[in-house]
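Asker:
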Amino acid sequence: MTTQTTQPEVKSRSIAYLLWGLGFVGICGLHRMYLGQYGLGTAMLFTFGLCGVGQLVDVAVIPQATKEVNIKNGVASRKQEIRPPSEVAKEPYKSEVSLQPKADLDEWDLEQASIEETMKKLRDKS
61 MTTQTTQPEV KSRSIAYLLW GLGFVGICGL HRMYLGQYGL GTAMLFTFGL CGVGQLVDVA
121 VIPQATKEVN IKNGVASRKQ EIRPPSEVAK EPYKSEVSLQ PKADLDEWDL EQASIEETMK
181 KLRDKS
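Residue numbers for the sequence shown follow the numbering used here, so the first one is 61 and each next one is one higher.
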């Protein structure tokens, strides 16, 4: 028996705006359904975006609503900004492991090597 864990989907602000734009052709509320607000989305669908007022308000509400949904789903924290994978892929890879030794470690290595050499010389003399 295999156990599969599904990760919650990151909701994209741009997709929400695209679905909001369908309100101009009479299909209102799909952006609310996309964000998991099915009741409000259905109400907007049958009332043509709450007579257009809801559609206008949602232009300003969509960024905060997508952020709250992503936080609720556990894919982001309040301090962390969600970015689409295409933006993350454009950034250069930042490795946490440095290939260059740090100056402090070089000095320590030299000291350690000199201590070992000194100890070896002392052992050889005895």
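All residues carry an ideal CB built from backbone N, CA and C; glycine is no exception.
1) Looking only at its chain, what residues have a beta carbon closer than 6 angstroms to the beta carbon of Leu79, apart from the 5 residues adjacent to it on each side?
2) Please confirm whether Lys71 and Thr107 have their CB atoms less than 8 angstroms apart.
3) Counting contacts by CB-CB distance shorter than 8 angstroms, is Thr126 in contact with chain B?
4) Pick from Gly134, Ala103, Gln124: whose alpha carbon is nearest that of Gly114?
5) Would you kindly report the start and end of the unbroken alpha helix (DSSP H) that includes Ala111?
6) If you reduce the DSSP assignment to three classes, tell me which class Glu69 lands in.
7) Let's test the definition: count the other Cβ atoms within 10 Å of the Cβ of Ile175 and tell me whether it reaches 16, buried, or not, exposed.
8) For the putative contact between Arg73 and Ile131, defined by C-beta atoms under 8 angstroms, what is the C-beta separation to the nearest angstrom?
9) Quick one: is Val187 buried, meaning 16 or more other Cβ sit within 10 Å of its Cβ, or exposed?
Answerer: On the basis of the supplied data:
1) Closer than 6 angstroms at Cβ, skipping near neighbours: Leu90, His91, Tyr94.
2) no
3) Here chain B cannot be found, since the structure has a single protein chain.
4) Ala103
5) The sequence as given places Cys at residue 111; Ala does not occur at that position. Run containing Cys111: 108-111, per the alpha helix (DSSP H) assignment.
6) coil
7) exposed
8) Incorrect: roughly 14 angstroms between the Cβ atoms, too far for contact.
9) Because the chain is modelled from 61 through 186, residue 187 falls outside the range shown and cannot be assessed.
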